[in-house]
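In my numbering, the protein residues as written are 123 to 355.
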């Protein structure tokens with residue numbers, strides 16, 4: 123069971139994936155959206171035709187500061203350009219979710235801003251495709267007074283659905299966003315998701331079917347993230 127990213131660069135990550143595949147080893151990667159209850163709602167709504175045909179996806183990430191307040195003890199590497207930044211730490215999760223829901227990722231264009239020498243990115247904007255679906259990813263530091271806020275919004279021919287702040291799935295009904303009655307904020311939902319994730323790790327260890335993030339999915343996400351970050355001056 124691996125953390126993301128798989129290695130410090132894409133070349134090494136590719137080697138790791140090839141090596142594990144050659145050995146026939148069981149493996150999964152810790153992208154908790156694989157075990158998200160909110161994701162279940164989103165996929166069910168789409169399967170039920172609630173939004174018609176998906177037409178576009180917009181991902182927005184916003185942070186008061188980077189790193190986030192609870193990560194300041196690790197600022198040395200979390201805010202370094204080589205290994206840190208919110209695109210690797212947070213954006214990768216939403217790109218995995220996008221990949222899992224809509225298919226392979228292709229980066230079309232990107233811009234990444236590094237205004238402070240030696241420090242990680244402070245803003246990104248990217249245009250991608252997930253399968254055939256157009257995707258926009260944008261993020262910035264200092265764009266909110268909240269530690270961390272995010273939205274993942276799918277617009278379809280008949281309506282919209284979104285994931286908000288990591289754990290809350292919502293449908294737009296008569297112009298208002300509505301969440302299921304069992305929706306919980308991330309602080310309360312996270313332990314439930316992690317328990318579900320660990321159940322899948324146990325299933326993997328027993329050789330049973332599971333839907334943890336695969337090495338291939340994780341490598342694809344890492345490749346896109348590094349392409350985005352490489353566009354910065």
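The beta carbon of each residue, even a glycine, is placed where N, CA and C say it ideally should be. Just so we're clear, the structure is a prediction, and the values are computed from it rather than from any experiment.
Between residue 245 and residue 232, which are expected to be in contact by the criterion C-beta below 8 Å, what is the C-beta distance as a whole number of angstroms? With 8 Å as the limit, residue 245 and residue 232 do not qualify as a contact, their Cβ atoms being about 11 Å apart.
Output yes or no for whether 9 Å exceeds the beta carbon distance between residue 151 and residue 134. no
Pick from 306, 289 and 283 that is closest to residue 297, judged by C-alpha positions: 283
Using a Cβ-Cβ cut-off of 8 Å (strictly less than) and excluding sequence neighbours within five positions of residue 342, which residues of its own chain qualify? 221, 226 and 227
If the criterion is Cβ atoms closer than 9 Å, does the pair residue 214 and residue 344 meet it? yes
Should residue 147 be labelled buried (16 or more other beta-carbon atoms within 10 Å of its own) or exposed? exposed
Does the beta-carbon of residue 130 have 16 or more other beta-carbons within 10 angstroms, so that it is buried, or is it exposed? exposed
Hey, how far is the Cα of residue 253 from the Cα of residue 216? 15 Å
On a CA-only basis, which of 260, 188, 276 and 178 is nearest residue 165? Give me that one, please. 276
Is residue 235 helix, strand or coil when you go by DSSP? strand
Assign residue 238 to buried or exposed, taking buried as 16 or more other Cβ atoms, counted over all protein chains shown, within 10 Å of its Cβ. exposed
Three CB pairs or more closer than 8 Å across the region 193-209 and the region 159-175: no
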